[in-house]
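Read the structure below first, then the notes.
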Amino acid sequence: KLLLTTGCVACHRLSQFNREAAESESESSEALPDASPYHGPELVGIEKRRTAKWLSKWLQAPGELNPDHRMPVFSLSDDERRQIVAALVLSTSEEKADPRAGVSKEKSSPPSLEASIANGRRIATAANCAGCHSIKGLEPSAIKIARPTKIQSADSTHNCLAVKKPQSNTGDNSEPNHRPWFQTTDVERQQLNAWLTSIRTDIQHVTGAALGSLLIHRNGCLACHDRDLKKGLSTHAGVISSLRSDLNGQSQALIPPALTAAGDKLKDEYLMSAVSGEQASRRLPWLLVRMPKFGFSADEKTAVTRYFVGADRIPDAADVAREELFRHLNPHHPTMATPADLLTGNHLIGAGGFNCIACHKAGPYEPRNVAMGTRGSDIMSMGQRIRPRYFMRWMENPIRVVPGIEMPAIRKPIPGVLEDSLPQQIALMWTALADPKFSPPTVVSRYEQFVTVAPGQPPRVLRDVFTVGDPRDRNSVARAMAVGFNNGHNILIDLDTMRLRQWTIGEFARQRTEGKSWFWDMAGVTVSSDPEITFLSQLVSKTATDKEPLSPVTDQRRQAELISSKVTDQSVILRVRYYFDPSSQASAQAGKDTKNSAAISRHTAVTAWNDPARSLLTSVVNFTIQPFEQSGDQTGWVVKADVEESPNGYLVELEGWSDAESSAGIPWSVKAGSENKANTAVRLQNGEMATLQFLTSVKPPVIVPPGIPRAMSSPDQVTALPGFEGRRLPIDTAIMPTAMTWLADGRLAFTSLRGQVWIADDQDKDGSPDALTLFAEGLAAPYGIQADGSSILVSHKPEILRLRDTDQDGRADEFDVFASGWGFSDDYHDWTTALARDQNGDYFVGLGSDYSQNNRPADNDRWRGTVLKVNSAGTITPIAFSMRFPMGLAFDSQNRLFATDNQGVQNTFNEINHIIEGKHYGVPSRHETAKDVTVETPALMIPHPWTRSVNSITFFPKDYAISELAGHGVGCEYDTRCLIRFTVQDVNGTMQGASYRFSLPDQPSGGGNFVGPVASAIGPDGGLYIGSIWDSGWQGGTNTGTIERMVPAKKMPNGIREILATAQGFEVSFFHPVTASKATDVNNWSLQGYTRSWGGSYATPDSDRHPVVPSALTVSDDLKTVSIQTAALKAGYVYEISVRKPLDESAAADFWPTEGHYSMKVVPK
């Protein structure tokens, strides 16, 4: 593993890494390392040349073995050195066959040691080895060889650069036989020849920046690091990560930071130490690849630094053209931060400001659950490393400096700070960061909701991820249920294990954001943490009560299945099902689920609980939990267990239901009661009931916090979508819409990222809601909603729920689990996304992948990264696999399912995929075991970073008011705050098509533009509804949201309507007629093709970008379609087609859109 990950493959050939297989396009059958021609010797078979002792010393101190070495020194522990040496000398690579094997030889006695040494010295002298190498006791030959003026011809006596190794007819030890032969490619020979023929004077020793350039090539810097368009280990990281199971999904950890703009970015003194690997500590310690130390002299360090500065640094004078960058910061004379500056900077960088610590380490604080490709370096070191001019330019738009970087541009100021001026805030951030007195942000999480239960209120239930334990080392409860009662008692149950995790008194719960993650905490004072009390049941045979009880069968990590929950005025009722295997083997294993492990790894529909090969027994127990008041001074809560169903011949035993008490901290006691008094353990038959009372003498105060006034969205006009008129709906800005649907009575129902379901009622039918009702709360990041008769289906992280309002009070009180069973953890990527319904009434959801979660257990991985089909009975079938984050699912008018997927790692574009049952889509989940599958490529490859995060999609209906848009799709692009449009073409059964800009780009958030589109739907009024959010984890600031309603204007502007591929090229149609003379002028068109090939990095650049010149342009009779004839097109390429100027009499600003991007999955015949 160390050989593969440390960086050895950049300079050496390894038996562990087959470069030839990784580089099918390689010219040579024996591909050289990327550091060629300055690569090191191959390490295949090194055990034949070097001893383990020598290798260990070489890794630790190569200078002691060769003073003129180029081998850098890696910081390795003794164990790591031993492991590398063992991997080298115990290599299992096949030995190359000896061509002389089997040939009989005359036996002769071996020469003496002295004779061998003498013979070796003679050969080395004859070959003039000392001319290039430092060899003790040998001097280079005094014979001067004339410098060649060109490469010798092939028939020369000896050509050291010949295509094939020259053959010699002389004896083995003759001088010609010792002349070198260098293995070179045709390109290298052409380059050498061009160089030799250009030399007119004696060659001088290289100095200055030229020496620096030579050194970074000679030392393999660009074989490891990406720099501008030159790629290093990012080319191979994907292949390397596939060679070991413990590297799956870790390709980004194998890629060192890019050197693009390094000379502009870093201060001279830091750059000088960085280029030689002399930093005091590792800047990115989570990377597996490591920066070694190079033995540069002071002059060499200076030369490398000068090279980077000379190549990269933007002259100070150039910043005069961007005066606004430095209006609030003088980079020549930075002022020391005042105490007020340090305090404000601390606030801006922390969770209450731009939330930089969502991705960046800050001293001792490290963000949780951050994907490898988005982790940032320690902000505490930035002021010492980075130049202020670079910082200010970088903050304007990071992706403009380093293509593909995932850091977003900050577009919105923090309200109430420095006159709400974003330039001032960014300048002050730098002032604070650059000051040695700056301390890490103290606010690392931000409270979003605070929940209490007032006297007389019904219980409140929360189902999102909770954290428990010491704040410095929290544990999480992912599949949680927290219940707060109106007497000040609150409980937290782990639904996977049915354990009581926490009992508190006082305030109920509070929700906070920490980095990109959202968590809940129990807010009150803890009475008991992790008491030995569960809600698990066991089965005991009625005829053999002394026999070991049957324990529940575990499915992944679930020991029980929540069927439903119900909230009444005073109680919460849970229906829970348990599964048991009566076989002797299962009983002996006490519920361990080993049989199901293979099915889990294959991501099939088979689970431990529905496996047809297992005859399982089931029991159902109803738990009624409610507050408890006693006449004395004790208060608490009580749970009543009622056996609804148990198998014949068995009793249900409630595990751990017995009296208990504690005097530590707040005294408490537990009293068990049962209808069956014959047993010490609580054992029940069908219809019998038991109780468990939780009591304490401490009576908690019930404090009702003051109400928080709502901040409503102002009904601004939205003007960023040409051809549409829009307005922002007046809803509470704290609501973050994630999905929308309409009820049978015409009311809008929608989910919020904060876990709520809202219903908006437009009573006066003016398109703007008059009343907003909270229908449900406490869900885990719901991202899908569908109305289904009198109920509402909602997909949230752990399951799909059916919500009902049975008492008609406007609030959901019954929550039936419609579908569940997938792996679920506290990682924020564990989304359950969308909720699409097909024409047959089946539902479809997507599950976020765990591909990057290296420590994800295999027993908590089921179906991650898949699209699931759920029929009307709740039966789950996984239909599509290896997706990254399928945030949007939608059916078109022909009942074809499409799903978005976000750019990153193997997804080199943002994607819209045509979902075909059984297909794999390119990003295997952490424990996916399917090998050698054919990857289904996207129907549409949407350019990145033109888009960065396409979420929800929807389709205009066939009868849409704007007929030209009927059947077209709309996508919500979150990061750049815009909408895209796309069309799909069926080419002999293959779905492919084109994407176009729909709304105007580069608009500020809010005002006349969208805030951050993530949800979309077509309303019954024909309006296009867009749910927008501002998420602090991605963009800093306050978590807010809104809904924008767009309706067609009187006329669509003219522009590109649709692009279709043809056997001859393309057909481009427009919304309105074009001018023939303009449309047939080739100078008015621009066509380019390109593709992307993933090597292992998070973002992938374009490759083989080339112009496509139309050979003919013709216009249809109605002047709405232009046929473009081109040379042969390539499958797997994106074709960027744009018009350089309006093709009618429109002004340039009124012709929209002007470009489209066609994904050529197959070329039409």
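Counting from 1, position 739 in the sequence shown corresponds to residue 916 in the numbering used here; the numbering is continuous, with no gaps. Positions of the beta carbon are idealized from the N, C-alpha and C atoms, including for glycine.
Among residues of its own chain, excluding the 5 on either side of residue i, which ones have a beta-carbon nearer than 7 Å to its beta-carbon?
| i | result |
| --- | --- |
| Q602 | L525, P590, I591, V594 and L595 |
| L399 | I393, K407 and G409 |
| Q1016 | N1072 |
| M513 | D612 |
Let me know the secondary structure DSSP gives residue i once reduced to three states.
| i | result |
| --- | --- |
| C337 | coil |
| C309 | coil |
| F1086 | coil |
| T551 | helix |
| F1058 | strand |
| G1148 | strand |
| W786 | coil |
| W571 | helix |
| K817 | strand |
| E271 | In this predicted model, E271 has a pLDDT of only 43, less than 50, meaning its place in the structure is not dependable enough to derive any value. |
| I1233 | strand |
| H524 | helix |
| G1210 | helix |
| L443 | strand |
| N652 | strand |
| K470 | strand |
| Q429 | helix |
| V994 | strand |
| T608 | helix |
With C-beta atoms as the reference, is residue i less than 7 Å away from residue j?
| i | j | result |
| --- | --- | --- |
| S390 | Y484 | yes |
| P1055 | L1066 | no |
| L793 | Y756 | yes |
| R981 | S968 | yes |
| T1124 | N1084 | no |
| D1328 | G1232 | Per the sequence shown, the amino acid found at residue 1328 is Phe instead of Asp. Cβ distance < 7 Å, so F1328 and G1232 count as in contact. |
| L869 | V816 | yes |
Enumerate in chain order the residues of its own chain whose CB-to-CB distance from residue i is below 6 Å, with the five nearest sequence positions on each side excluded.
| i | result |
| --- | --- |
| Y624 | R687 and R689 |
| V1340 | L1306 and A1308 |
| I582 | P575 and I576 |
| D732 | T784, A785 and W786 |
| M1168 | H1091, A1116 and V1161 |
| K1096 | A1057 and E1113 |
| S888 | The residue you asked about is not Ser; residue 888 is Ala in the sequence shown. Same-chain partners within the cutoff: T910. |
| T269 | In this prediction, T269 scores a pLDDT of 45, lower than 50, which makes its location untrustworthy; the coordinate-derived value is nonetheless stated afterwards. Nothing listed; no residue qualifies. |
For the alpha helix (DSSP H) containing residue i, list its first residue and its last residue.
| i | result |
| --- | --- |
| C398 | C398 to C401 |
| N1165 | Taken as a continuous stretch (DSSP letters only), N1165 belongs to no alpha helix (DSSP H), as it is neither H nor E. |
| V486 | A475 to D489 |
| T302 | L290 to A303 |
| D255 | D255 to V266 |
| S418 | A414 to S418 |
| K1255 | A1253 to A1256 |
| R623 | Looking at the DSSP string, R623 is not in any alpha helix (DSSP H); the run it does join, the beta strand (DSSP E), is R623 to V628. |
| D137 | Beyond the ends of the chain as shown, which are 178 and 1342, falls residue 137; an answer cannot be given. |
In terms of residue numbering, what span does the beta strand (DSSP E) encompassing residue i cover?
| i | result |
| --- | --- |
| M699 | S694 to M699 |
| L1264 | W1262 to T1268 |
| M1118 | L1117 to I1119 |
| A1011 | T1009 to R1014 |
| Q1080 | It is not in any beta strand (DSSP E) - Q1080 carries neither H nor E in the DSSP assignment. |
Would you verify that the beta carbon of residue i is, or is not, closer than 7 Å to some beta carbon of chain C?
| i | result |
| --- | --- |
| K614 | Among the chains in the structure shown there is no chain C, since it carries only a single protein chain. |
Please list, in chain order, all residues of the same chain as residue i whose beta carbon is under 8 Å from its beta carbon, the five residues on each side excluded.
| i | result |
| --- | --- |
| Y542 | I534, P617, P618 and V621 |
| G1185 | D893, Q894, V895, T896 and A897 |
| W845 | W680, V704, S705, G813, E838, S839, F871, L872 and T873 |
| T711 | T674, M675, R676, L677, E832 and G833 |
Uninterrupted alpha helix (DSSP H) stretches inside the stretch 204 to 248 (no shorter than 4 residues):
Annotation note: the stretch 204 to 248 contains the following uninterrupted alpha helix (DSSP H) runs of length 4 or greater, listed N- to C-terminal: 229 to 237.
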